[in-house]
Amino acid sequence: MRCLGILPESCQSIDSSRVVTAFFALSALDLLNALDKIEDDRQNLINWIYSMQVLENMDDPTPVDFGFRGSTICMSSKNSNSEFSDKAHIAMTYTALSALVILGDDLSKVKKENILSSLRDLQLPNGSFSPMNIDCESDMRFVYCAACVCYILQDWSTIDVEKIVEYIKNSLNYDGGIGQGPGLESHGIISIFNFGTVCAKFSFRMCNYISLFIVFKITKTPLNSIP
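Residue numbers for the sequence shown follow UniProt numbering, so the first one is 1 and each next one is one higher.
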């Protein structure tokens with residue numbers, strides 16, 4: 001609960017990802033059946049998350065990357081959508097939507113069509129996704145985030161699912177594990193992300209529980225032994 005209000009100075013490096021921090025804190029409370037502890041702050045948290053949504057700026061014709069930003073620290077001005085700040089990020093979009101669902105929001109204020117349209121622009125020819133519409137990294141983490149966003153919004157029409165499947169297959173290694181991309185070494189967490197990507201299209205209660213489901217129900221592997 002404390003992490004929803006304030007973090008220690010040592011965490012200032014993740015200040016631009018406050019939405020992710022909130023998601024982890026809310027997920028923990030949900031798993032512990034303790035969301036009632038923050039009932040008085042629930043609507044304030046929902047409003048804060050929505051304030052991170054990147055919207056159209058009627059005074060600026062520049063194309064907008066829709067989704068959610070990670071923190072108010074990323075806002076140079078309202079919806080400036082500049083190259084260096086105020087950009088939507090696919091991981092922030094995933095965690096923001098998940099947090100809203102955990103809080104019981106109906107997602108009625110989510111600009112679904114806009115987000116899905118921007119998601120299309122983030123998919124690369126090899127099937128993977130970039131986290132932002134700028135020249136940056138791309139790997140399996142963002143494939144998982146994209147799948148979760150589509151699952152939560154219940155719309156897969158703007159992305160190429162077959163390319164995603166092919167990308168995952170190409171990342172499968174001789175030892176049975178899956179890497180962050182084709183030709184990269186196997187990694188336990190990445191293998192979980194991939195199973196989560198496939199399962200996200202089906203009837204899991206929440207995408208953010210897939211990793212725990214796999215760890216405890218499928219692999220029987222303790223968390224502290226995952227590479």
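In this text, a Cβ means the ideal position worked out from N, Cα and C, and glycines have one as well.
This structure is a prediction, so every number in the text was calculated from the model and none was measured.
- A contact between stretches requires three or more CB pairs, one per stretch, nearer than 8 Å, and the stretch 90-97 fails this requirement with the stretch 31-40.
- Distances from the CA of residue 157 to each of 138, 92, 123 were compared; the closest alpha carbon is that of 123.
- No residue range can be given for residue 154, since it is assigned to no alpha helix (DSSP H) and is classified by DSSP as neither H nor E.
- About 5 Å separates the CB atoms of residue 91 and residue 145; that is less than 8 Å, so the two are in contact.
- Rounded to whole angstroms, residue 120 and residue 101 show a C-alpha spacing of 23 Å.
- Taken in chain order, the whole alpha helix (DSSP H) runs of length 4 or more contained in the stretch 85-141 are 90-102, 112-122.
- Residue pairing for residue 29: DSSP places it in no beta bridge.
- A straight line joining the alpha-carbon of residue 142 with that of residue 41 spans about 30 Å.
- Counting the other CB atoms within 10 Å of its CB gives residue 125 a total below 16, which places it among the exposed residues.
- Note: residue 178 is bridge-paired with 172 in the DSSP secondary-structure output.
- In this chain, the alpha helix (DSSP H) harbouring residue 46 covers 42-50.
- Spanning the alpha carbons of residue 112 and residue 30 requires a straight line of approximately 25 Å.
- A Cβ-Cβ distance of about 5 Å is found for the pair residue 127 and residue 166, placing them in contact under the 8 Å criterion.
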